[in-house]
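Residue numbers (the working numbering): 1 to 150. Structure, as structure tokens:
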Ligand code: ASC
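The structure is reproduced here in structure tokens:
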């Protein structure tokens, strides 16, 4: 068996530590990745929001599935806002890279509210879903107002 050298260990450790930011071959891929994840999240969130507002008939199973998918997709975009990905086909404002901690705080808040929405949808309680949709939508808007171009 081949000996595992300290160098190989160090390379592996570094690869694991940087995998979130190094998973993209080029900046355009990071932009596409985060936009795709946000689109999947938005499509699923909107489906639940339409039920909450009465624009679509309430279907508990569909609401639970959509909210769970939105919750999962909502975890994905944030690792794709690494250094050097502020250019290209993006509406992301440069402030994101200057105030990264605040941006991440908004992202965390959205994920926390989206998790509550997924729980509410799993419970099938439409009133709880309505409350959670409003809270989650508020976190979307807060971040867009600060960090998304028109
Ligand atoms: C959506 C969507 C958003 C948020 C936001 C909530 O469905 O596309 O960006 O909700 O409008 O205020």
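Glycine included, every Cβ here is placed at the ideal spot set by N, Cα and C.
- Note that the C-beta distance between residue 38 and residue 77 is below 7 Å.
- By the neighbour-count criterion, in which 16 or more other beta carbons inside 10 Å mark a residue as buried, residue 4 falls on the exposed side.
- Remark: the shortest separation between the CB of residue 62 and any heavy atom of the ligand ASC does not fall under 6 Å.
- Closer than 6 Å to some heavy atom of the ligand ASC: that does not describe the Cβ of residue 53.
- Chain-ordered, the residues whose CB falls short of 7 Å from any heavy atom of the ligand ASC come out as 42, 45, 46, 49, 137, 138, 140, 141 and 144.
- Remark: C-beta atoms of residue 106 and residue 143 approach each other more closely than 7 Å.
- Linking residue 57 to residue 35 through their CA atoms gives a straight-line distance of about 28 Å.
- Going by C-alpha positions, residue 103 is about 25 Å away from residue 66.
- In this model, residue 124 and residue 60 are separated by some 5 Å (Cα to Cα).
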